Every structure is written in structure tokens, then in C-alpha cells.
Amino acid sequence: MAVTIKDIAKLANVSITTVSRVINNKTEGVSEETRNRILQLVKELGYQPNAIARGLVTKKTKTVGLIIPDISNPFFPDIARGVEDSAHIYGYNVFLCNTDDNLEKESEYINALKEKYVDGIIFTSSAPSNYEHIMELIKSGVPVIMMDRRIESEDIYGVFIDNYEGGYLATKHLIDLGHRKIACITGPLNVRNARERLAGYKKGLLENGLEVDEELIFEGDYKINSGIVGTEKLLNNNKDITAIFACNDLMAYGAYKTIRSYGYKIPDDISIVGFDDIQLSQILEPQLTTIRQPAYDMGLTAARMLIKLIEGKKLNKKIVTFKPQLIIRQSTGTVKEEKNYS
Ligand code: RIB
1 MAVTIKDIAK LANVSITTVS RVINNKTEGV SEETRNRILQ LVKELGYQPN AIARGLVTKK
61 TKTVGLIIPD ISNPFFPDIA RGVEDSAHIY GYNVFLCNTD DNLEKESEYI NALKEKYVDG
121 IIFTSSAPSN YEHIMELIKS GVPVIMMDRR IESEDIYGVF IDNYEGGYLA TKHLIDLGHR
181 KIACITGPLN VRNARERLAG YKKGLLENGL EVDEELIFEG DYKINSGIVG TEKLLNNNKD
241 ITAIFACNDL MAYGAYKTIR SYGYKIPDDI SIVGFDDIQL SQILEPQLTT IRQPAYDMGL
301 TAARMLIKLI EGKKLNKKIV TFKPQLIIRQ STGTVKEEKN YS
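When we follow our numbering, the leftmost residue of the sequence shown carries the number 1, and every step to the right adds one.
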């Protein structure tokens, strides 16, 4: 059976707190002789400090939680990579929790992370429109950095991207190529960043004298299949579409599949723009034109902000908003011939 801090204390004839303080190098008030006796026992018995026990004295476990909604979407591992690299530099471990966009699972993970005494949590909520549980967590005093999907509260710390600008850039790019019949496959509209991308799409149309046609908008869910189904619906109802803005890369991949199954070519017949710029998008044939989110840097920044909060340091900004970047590749081209846009 593993040696415990209690065993060491008994053998050294001191309190558990004294052993814990010596292990955590807090030796003021502990004699040299006692300190050496404790360290000798730790070495001889091969004692491994239990993170929770250590946390009971230092009130820190040097661990942070990262809650994401869909680990199967490559965007989130890019975020996690940034969080882990940054946390590691500061000596923190990361507990990764995947909620599958399920609010109940999200609440379970919040409780699990609190029971593990994590020092703070980075959070991409699965249902940011229902966030009482998140505000309770913040009010409980656990440092929290919201990431990517903003909740409708101003009293938060967070790292986001300007989704409105991203939707606008995607649409403007297609209009500059001569497209006038531009469809949009949105993310789940209960998520704020999906609503913001759609608003940017509408701004792009209206700013260029084009009407917003609800028939050209399909609500997806950020997964490949909604790109497949959404494109089928859009093409069946509108034969003269020349471009589709998919509000994330996975749905753009679904659009590729449907467009090809209908016998159309990309971009000759239909241009496609995505959003995220996950690694696959530059390997796809044709490579996907998309809006880049600096997911890795967002993760680095969120972890850095969280650890500053944990260590009681002040943050210069509560909210950090990254700029989106239009990455032009081969899935967009000029409109081939004037279509009857009536
Ligand atoms: O691809 C998944 C989407 O959900 C990304 O665009 C990201 O913003 C996340 O919210």
C-alpha cells in the first residue's frame, strides 16, 4: 500500500501539517533536524505527495480544467494544444473535459473539476444561452476564462474572435468575385458566435445592395452532416446558387460532398468559403478558402490569463478579441457566366 503523509508524520513524530509544509518547502518554524528527519523518511519510504493533500495546505493543486463541446472537431484540439503548452510552462496540468454539446454533461464536469480542486477552468460552453450554472461557478470564486463561445453576461473574462467581422469578410470575398446568389449554412443559432457570423453575412449582402433571402439560409450545427443536408436543401430549392458560405470548415466539407454528388464542380459551378482554417482545409482538393481562427494562440492566451487570475495577478483586459483572417485558396473563383438572378 502506498505510503501516506500520515505515515511520515507518525514516524517523524510531527503533525501532518509540518510534513506537508516541509514537502512544499515552507520550512519557517521547522528545525533543521526535524526537516532533515522528514526528508530522509520521504526518501527512504518513497513517499509520493498526493496532489489533493498538497492542495489542502497550499490551497493549490496546480491543475486547470478545460471544458470543450466537441473533441471530434479538430478546432478544439488546436485550442487544447495551446492551453496545454501554456499551462505546462507555468507548471500546471490540464484536465480535458468533452461535453458533446450536452448541458447536463457540462454541469457534471463542472462538479467533477470542483471536486478535484482544480485551480481554475477554461470553458467553451455547449449552450451559452443557458448559463446560470456558469455564473454560479464564477460566483463560487473559481477563476474562469470563457473561450470562443461567449455567454450573454458582461461580468466574465474571455478570449474570443470577432465572428461578425469573419462572416462579413467571407461574404465580401464572394461578392468581390461577382457572386450575387450566396447561400449561408450557419452554426447552431443558440450559440452566439453562429449568430454573429450570420449577421456578418447579412451585412456583407446589404452593404453591397443585395437582399437577404431567408431561402438561402440554412441552420446547421457545426457538424459535417449538416453541411451535407443543408447543401441538398439549398440546391433543391435554389438552382441558381453560385456560392455557399459555411460557418465552419466541417460543414464546408459536407457541402463539398453534396455539390459533387449533384455533378457540380468547385469552384467552377459553386464557390465555397468555410470558417476556422483547421489543418485539413489546406489538404482538401481544392484547398478550402476559409476564415482563420488562431485557435492555438487563443488557447495560449486563455491559459495565460487564467493562471494570472489563479495567482492573484490583475489582468490588463477582461476580454481579448482576436481578429479573423480571410485565407484565399482554390475553393472560390469568379462567377463563370451571368445567371438569371431575378
Ligand atoms: O468548428 C466548431 C465551431 O465551434 C468553431 O467555429 C468554433 O468557433 C466553435 O465555437
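C-beta: ideal position from N, C-alpha, C; glycine also.
Source: prediction; values computed, not measured.
Does the beta-carbon of residue i have 16 or more other beta-carbons within 10 angstroms, so that it is buried, or is it exposed?
i, result
"Thr334", "exposed"
"Arg304", "buried"
"Thr332", "buried"
"Leu206", "exposed"
"Ile328", "exposed"
"Thr171", "buried"
"Tyr262", "exposed"
"Glu196", "buried"
"Glu84", "buried"
"Ala2", "exposed"
"Glu165", "buried"
"His173", "buried"
"Val212", "exposed"
"Lys181", "buried"
"Gly141", "exposed"
"Ile283", "exposed"
"Ser31", "exposed"
"Gly227", "buried"
"Gly230", "buried"
"His179", "buried"
"Ser342", "The pLDDT assigned to Ser342 is 39, lower than 50, so where the model puts this residue is not dependable, and the model offers no usable value."
"Asn340", "With a pLDDT of only 45 at Asn340, under 50, the local geometry of the prediction cannot be trusted, and the value read off the model is given with reservation. Asn340 is exposed by the Cβ-count criterion."
"Ile89", "exposed"
"Asn419", "Past the edges of the chain, shown from 1 to 342, lies residue 419, and the structure says nothing about it."
"Asn36", "exposed"
"Asn111", "exposed"
"Thr17", "exposed"
"Ser281", "buried"
"Thr260", "The residue you asked about is not Thr; residue 260 is Arg in the sequence shown. When all chains shown are included, Arg260 counts as exposed."
"Lys202", "buried"
"Gln293", "buried"
"Ser153", "exposed"
"Ser15", "exposed"
"Leu176", "Reading off the sequence shown, one finds Asp at residue 176, where the question assumed Leu. Per the 10 Å Cβ criterion, exposed."
"Asp148", "buried"
Check the DSSP bridge columns for residue i and list the partner residues they point to.
i, result
"Ile283", "Partner(s): none; Ile283 has no beta bridge."
"Tyr157", "Ile145"
"Ser271", "Ala243"
"Leu96", "Leu66"
"Thr321", "Phe160"
"Leu326", "Ile291"
"Asp276", "Arg292"
Need the endpoints of the alpha helix (DSSP H) that residue i sits in, please.
i, result
"Gly299", "295 to 310"
"Ile89", "75 to 89"
"Ile23", "16 to 23"
"Gly254", "249 to 261"
"Ile38", "32 to 45"
"Leu113", "103 to 115"
"Asn208", "It is not in any alpha helix (DSSP H) - Asn208 carries neither H nor E in the DSSP assignment."
"Thr231", "224 to 237"
"Lys26", "First-last for Lys26: undefined, no H or E at that position."
"Leu137", "132 to 139"
"Asp7", "5 to 12"
Taking the beta strand (DSSP E) that residue i belongs to, which residues open and close that run?
i, result
"Glu219", "217 to 219"
"Val183", "Note on residue identity: the sequence assigns Ala, not Val, to residue 183. Per DSSP, Ala183 belongs to the beta strand (DSSP E) from 182 to 186."
"Arg292", "290 to 292"
"Ile71", "Here Ile71 belongs to no beta strand (DSSP E), and DSSP marks it neither H nor E."
"Gly120", "120 to 123"
Can you round the beta-carbon distance between residue i and residue j to whole angstroms, since I take them to be within the 8 Å contact cut?
i, j, result
"Asn208", "Asn163", "With a Cβ gap of about 20 Å, Asn208 and Asn163 do not count as contacting."
"Val64", "Tyr92", "5 Å"
"Ala252", "Ile79", "Between Ile79 and Ala252 the Cβ distance is about 19 Å, and since that is not below 8 Å, they are no contact."
"Gly254", "Ile224", "4 Å"
"Leu66", "Leu96", "5 Å"
"Tyr131", "Gly187", "About 17 Å separates the two Cβ atoms, so there is no contact after all."
"Asn238", "Ala183", "7 Å"
"Pro69", "Thr34", "Actually they do not touch by this definition, with Cβ atoms about 50 Å apart."
"Gly204", "Ala246", "Not quite, the Cβ-Cβ distance comes to about 15 Å (not below 8 Å), so this is no contact."
"Ala87", "Leu41", "Their Cβ separation, rounded to whole angstroms, is 32 Å, which puts Ala87 and Leu41 out of contact at 8 Å."
"Leu315", "Lys308", "6 Å"
"Met146", "Ile156", "5 Å"
"Ile356", "Ile8", "The question about residue 356 has no answer, for the chain in this structure spans 1 to 342."
"Ala346", "Val159", "An answer regarding residue 346 cannot be provided, because it is not within the stretch 1 to 342 covered by the chain."
"Ile270", "Ile241", "6 Å"
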